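Chemist: One structure, as structure tokens, below. Some questions next.
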Amino acid sequence: MSERSRISGSASVRPTRMMDRRAKNESESPREVDSKARKAQGSGSTAPSSGKEKDPFLVELDEFERAPALPFATKCFAMLVVCSSALCVTCASSMAASTLDSLESTFHVGVEPALLTITLYIFGLGLGPLLFGGLSEFVGRNLIYRISLIGFFLFNFPVAFGNHLAVHLVFRFVTGFAGSAFLSLAGGTIADMFVGEATANAVALYTLSPFIGPVVGPIISGFINNSTDWRWTYYTLLIWSFVQTVAIHFVPETYAPTLTNRKAERLRRETGDERYYSPFDTSGRSMFETIKLSVSRPFELMTYELLILLLNIWTSLVLGIIYLAFAVFPAIFEGIHHFTVWQEGLAFLGMGLGQVLATASQPWWNALNRRTAAHYAAQGLKPPPETMLYQAMVAAVLAPIGLFAFAFTVYPSVHWAVPIIMITPFGAAAVLAFTSTFGFFVRSYRPVAASAMASNSFMRSAFAGAFPLVARPMFDRMGNVGALAFLAGMMTLLAPVPFIFYRYGPQLRKRSRFAVHE
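Those letters in the sequence shown? Residues 393 to 910, by my numbering.
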């Protein structure tokens with residue numbers, strides 16, 4: 393038999409194999425494919441294994457081709473770029489806080505329309521992940537990152553140079569939407585590159601980046617707006633985003649399915665043999681259906697999963713209060729302590745210090761996790777997902793303490809440094825709450841973890857965007873102490889949530905349609 397006939401005959405086997413595999417892909421959710429990839433990457437194989445003879449045309453990644461095998465310097469560079477991009481995107485949300493008075497005078501509007509520059513941007517941050525998560529399964533993470541930063545850079549031009557408030561606000565929403573890829577995909581990129589405790593440390597450092605951004609933003613813009621026009625805040629953002637756009641082009645792809653698909657494509661091209669295929673091939677899946685599932689499943693999870701809904705509400709309230717501070721800190725520190733614009737920005741240092749301290753505590757939490765794992769291993773068991781809620785339980789105590797302490801130290805008779813210090817526990821609670829919640833989602837909802845985190849991102853953004861709009865009326869009606877005490881009371885009412893889930897989580901997961909039953 394001729395070589396051409398042999399290839400032609402054997403190649404006819406591939407469509408059948410591909411049809412079977414595509415049928416399986418259609419029955420799997422896109423997030424299950426992502427989960428399978430992560431599990432495979434961690435276990436040393438990108439393809440599902442079985443006792444059957446290995447298919448010679450099933451493409452797998454070699455060890456040196458995997459993201460954990462990247463040089464340490466490359467990992468550090470990639471992490472630096474991804475984290476600084478997330479910081480840039482989240483800083484942009486709060487940098488507008490110091491421009492509100494100037495926006496009011498430039499566009500001749502009141503405080504509520506000016507506050508929309510923060511609200512609409514955050515709404516964009518919340519909606520973007522619903523799209524980018526599904527799209528990344530087809531084109532990889534890096535292409536999404538590049539498009540995201542290019543769009544973020546270009547769409548900031550009308551924000552900076554526009555002469556109409558409508559133009560400014562519309563493009564604030566668009567820039568938030570464009571930049572949101574780093575809130576939905578960056579955690580996965582970092583988790584791809586590290587293994588073991590290094591993953592926990594790296595993810596904790598990444599978690600700090602987007603959550604300290606809202607704190608750093610007013611500090612940066614406070615110095616800028618103290619002596620220049622408000623537009624220089626966005627000129628600075630343009631320069632920063634341009635640097636990030638250039639740097640992201642040097643970050644390697646880390647997503648295992650994309651790397652495997654590329655290898656299969658390269659082998660087909662180099663050998664001319666179309667039988668080579670990837671277990672993560674997307675050609676048999678509809679991009680539209682994948683994106684539709686990516687958009688709808690987060691809402692499905694919040695509808696049917698009490699664990700996800702209540703944890704989302706709790707963490708969303710935490711972030712909402714952080715963004716509420718952008719509207720009320722000027723009233724407190726300017727109105728009571730007569731701070732200037734740049735001094736108002738420095739008032740956020742206490743919250744930022746708490747976040748840094750919480751991140752620095754990660755090695756201690758790693759040691760606790762090791763002891764917990766050893767305790768369960770001695771009984772022949774694995775630690776349940778609820779052990780990821782230890783940090784959340786500490787956060788549930790710290791958050792109301794920090795808010796109550798802040799509330800009762802905002803009097804004129806109390807030195808301005810005291811309330812800044814008193815808000816530190818709340819800043820620590822924010823990082824601990826999010827780190828713990830994300831870890832719990834990954835462990836409890838492994839096949840749909842990305843959708844669970846997307847649901848959290850959406851609800852957090854909804855709260856964070858709405859809170860600045862209600863802040864001024866609430867504080868005008870209730871007063872500084874009354875409004876802050878009311879928020880602290882809400883945090884106190886929600887404080888039992890992680891404790892209840894720690895105790896009853898296994899029973900709730902057994903009744904779940906999506907949770908892992910361990």
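C-beta: ideal position from N, C-alpha, C; glycine also. Just so it is clear, the structure is predicted and the values come from calculations on it, not from any experiment.
Cutting at 8 Å between CB atoms, please list the residues of its own chain near Asn653, excluding the five before and the five after it.
Modeler: Cβ within range, chain order: Ser670, Phe672, Asp673 and Thr674.
Chemist: Using three-state DSSP, classify Leu508 as helix, strand or coil.
Modeler: In this structure, Leu508 counts as helix in the three-state DSSP scheme.
Chemist: Just to confirm the assignment: which complete alpha helix (DSSP H) runs, minimum length 4, are found wholly within the stretch 664-725?
Modeler: Fully enclosed alpha helix (DSSP H) runs of 4 or longer: 679-696 and 698-721.
Chemist: Using the C-alpha atoms, what's the distance from Leu701 back to Pro865?
Modeler: About 28 Å.
Chemist: Would you call the CB atoms of Ala863 and Ala719 closer than 7 Å?
Modeler: Cβ atoms of Ala863 and Ala719: closer than 7 Å.
Chemist: Do Leu876 and Ala799 have their CB atoms nearer than 7 Å?
Modeler: Against a cut-off of 7 Å, the Cβ pair of Ala799 and Leu876 comes out as a contact.
Chemist: Which of the three DSSP states is assigned to Leu462 in this structure?
Modeler: Correct three-state label for Leu462: coil.
Chemist: Considering only residues of the stretch 578-655, which uninterrupted alpha helix (DSSP H) runs meet the minimum length of 4 residues and lie entirely inside it, listed in chain order?
Modeler: With a minimum length of 4 residues, the continuous alpha helix (DSSP H) runs that stay inside the stretch 578-655 are 578-585, 589-619 and 623-640.
Chemist: Of all the options Ala844, Phe615, Val834 and Val748, which has the alpha carbon lying nearest to the alpha carbon of Leu738?
Modeler: Looking at the Cα atoms, Phe615 is the closest of the given residues.
Chemist: Are at least three pairs of beta-carbons, each pair with one atom in the stretch 618-630 and one in the stretch 486-494, less than 8 Å apart?
Modeler: Yes, the stretch 618-630 touches the stretch 486-494.
Chemist: Measuring CA to CA, which of Leu741, Met882 and Val840 is closest to Leu685?
Modeler: Selected option, being the one with the closest Cα: Val840.
Chemist: Do Pro811 and Ile510 have their C-beta atoms closer together than 7 Å?
Modeler: No.
Chemist: When we look at the beta-carbon of His560 and count the other beta-carbons within 10 Å, is it buried (16 or more) or exposed?
Modeler: With 16 or more other Cβ atoms within 10 Å, it is buried.
Chemist: Let me know the secondary structure DSSP gives Leu450 once reduced to three states.
Modeler: Leu450: strand per DSSP, three-state reduction.
Chemist: Mind checking Ser688: buried by the 16 CB within 10 Å criterion, or exposed?
Modeler: Exposed: under 16 other Cβ atoms inside 10 Å.
Chemist: Cβ atoms of Thr801 and Met780: under 7 Å apart, would you say?
Modeler: Against a cut-off of 7 Å, the Cβ pair of Thr801 and Met780 comes out as no contact.
Chemist: How far does the alpha helix (DSSP H) with Ser849 in it reach, from first residue to last?
Modeler: Looking at the DSSP string, the run of the alpha helix (DSSP H) that includes Ser849 is Ala841 to Leu886.
Chemist: Using only CA atoms, which one of Gly831, Gln754, Gln747 and Thr827 lies nearest to Gly819?
Modeler: Of the listed residues, the one whose Cα sits closest to Gly819 is Gln747.
Chemist: What number of angstroms, rounded off, separates the C-alpha of Leu773 from the C-alpha of Ala765?
Modeler: Taking the straight line from one Cα to the other gives about 9 Å.
Chemist: Decide if Gln899 is buried, meaning its Cβ has at least 16 other Cβ atoms within 10 Å, or exposed.
Modeler: Answer is exposed; the Cβ neighbour count stays below 16.
Chemist: Is the stretch 495-502 touching the stretch 637-651, taking contact as three or more C-beta pairs under 8 Å?
Modeler: Not touching, per the Cβ criterion.
Chemist: Leu760: buried (16+ other C-beta within 10 angstroms of its C-beta) or exposed?
Modeler: Result: exposed.
Chemist: Find out if the Cβ-Cβ distance for the pair Ile724, Asn534 is shorter than 7 Å.
Modeler: Not in contact: Ile724 and Asn534 (Cβ atoms no closer than 7 Å).
Chemist: Got a sec? Which residues, its chain only, sit under 6 Å from Ala459 by beta carbon, not counting five neighbours each side?
Modeler: Once the five neighbours on either side are set aside, the close Cβ partners of Ala459 are Asp584, Met585 and Thr646.
Chemist: Residue range of the alpha helix (DSSP H) that Thr491 falls in?
Modeler: Looking at the DSSP string, Thr491 is not in any alpha helix (DSSP H), and its letter there is neither H nor E.
Chemist: I'd like the list of long-range same chain contacts for Lys902, defined as Cβ closer than 7 Å, with 5 residues on each side in sequence excluded.
Modeler: If we look at Lys902 and ignore the five residues flanking it on each side, its Cβ neighbours are His909.
Chemist: Would you identify the three-state DSSP class for Gln783, choosing helix, strand or coil?
Modeler: Residue state, collapsed to three classes: helix.
Chemist: Mind checking whether Ile611 and Ala856 have CB atoms under 7 Å apart?
Modeler: Taking 7 Å as the Cβ cut-off, Ile611 and Ala856 do not qualify as a contacting pair.
Chemist: What does the Cβ neighbour count give for Phe456, buried or exposed, with the cut at 16 atoms within 10 Å?
Modeler: Its Cβ having fewer than 16 others within 10 Å, Phe456 is exposed.
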